[in-house]
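Here's the structure we're looking at; comments come further down.
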Amino acid sequence: MSTNAAAARASAMDLLYSTHETPQPEAAAVVDAGIGGYNDAAAPLHEVRGLFVFARAAGGAVLGGAIGRSWGQCCELEQLWVAEERRRQGLGRELLRHFEAEARRRACTLVYLDTWSFQAPRFYEKLGYRGVLEVAGFGPGLVKYTLHKHLPPEATEAGEPAPIPVRDTAPASPGCEDDATPAANAIPERVKR
Numbered sequence: 425m426s427t428n429a430a431a432a433r434a435s436a437m438d439l440l441y442s443t444h445e446t447p448q449p450e451a452a453a454v455v456d457a458g459i460g461g462y463n464d465a466a467a468p469l470h471e472v473r474g475l476f477v478f479a480r481a482a483g484g485a486v487l488g489g490a491i492g493r494s495w496g497q498c499c500e501l502e503q504l505w506v507a508e509e510r511r512r513q514g515l516g517r518e519l520l521r522h523f524e525a526e527a528r529r530r531a532c533t534l535v536y537l538d539t540w541s542f543q544a545p546r547f548y549e550k551l552g553y554r555g556v557l558e559v560a561g562f563g564p565g566l567v568k569y570t571l572h573k574h575l576p577p578e579a580t581e582a583g584e585p586a587p588i589p590v591r592d593t594a595p596a597s598p599g600c601e602d603d604a605t606p607a608a609n610a611i612p613e614r615v616k617r
């Protein structure tokens, strides 16, 4: 055994490992700062830009929002939410249309997102998103999907986003707006790759 290997093995024997269900703030801060420093040195994270689209009532109340970030030619949709009383009226579709328009304006060519089988995978499929990954095993019928959509660069003459093509798909999830499918069909078939 080399001197370096023996030293590393002896050093490893002196370590104490602990496992927790709840975070230890001091330890988590060290790990976060360490990975943050490594990532900052390895990639231009300063170029990551937030992207926020909100729909508000005349009085200012937020009725929906699309939250994400762009970096280079990629844009991540982290959250899309519509107030319950405004669902199935096209608001989610409009929020996503504005989100994608801003992504195009930033020269992004791809939008990607994660969604769950109990959320809205069919909603995104109807708007041109395609499954690239699915992870099962969280519980009966629960699947996490990663979807993406390549953005065409076109826009209308007025500079507005081009209409989003909608394709007919299988039944959608119950939380999916613009869709009146019964909850019995809520768990989608496997996302097509």
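Numbering of the sequence shown is given in this note's numbering, commencing with residue 425 and proceeding in unit increments.
Ideal Cβ placement from N, Cα and C applies to all residues, glycine included.
In this text the structure is predicted, and so the values were computed from the model without any measurement.
- Spanning the alpha carbons of L534 and W505 requires a straight line of approximately 21 Å.
- Taking Y553 as reference, the option from A490, A465, H574 with the minimal CA-CA separation is H574.
- Three or more Cβ pairs drawn from the stretch 501-519 and the stretch 477-493 lie within less than 8 Å of each other, which places the two stretches in contact.
- Counting only residues of its own chain and dropping the five nearest sequence neighbours on each side, E502 has a CB closer than 8 Å to the CB of I491, G492, R493, L537.
- Residues N463 of the same chain have their beta carbon placed closer than 7 Å to that of L469, with the five preceding and five following residues left out of the count.
- When secondary structure is reduced to three states using DSSP, Y462 falls in the helix class.
- Excluding its 5 nearest sequence neighbours in each direction, V472 has C-beta neighbours in its own chain below 7 Å: R493, W495, listed in chain order.
- Here Q503 is bridged, per DSSP, to I491.
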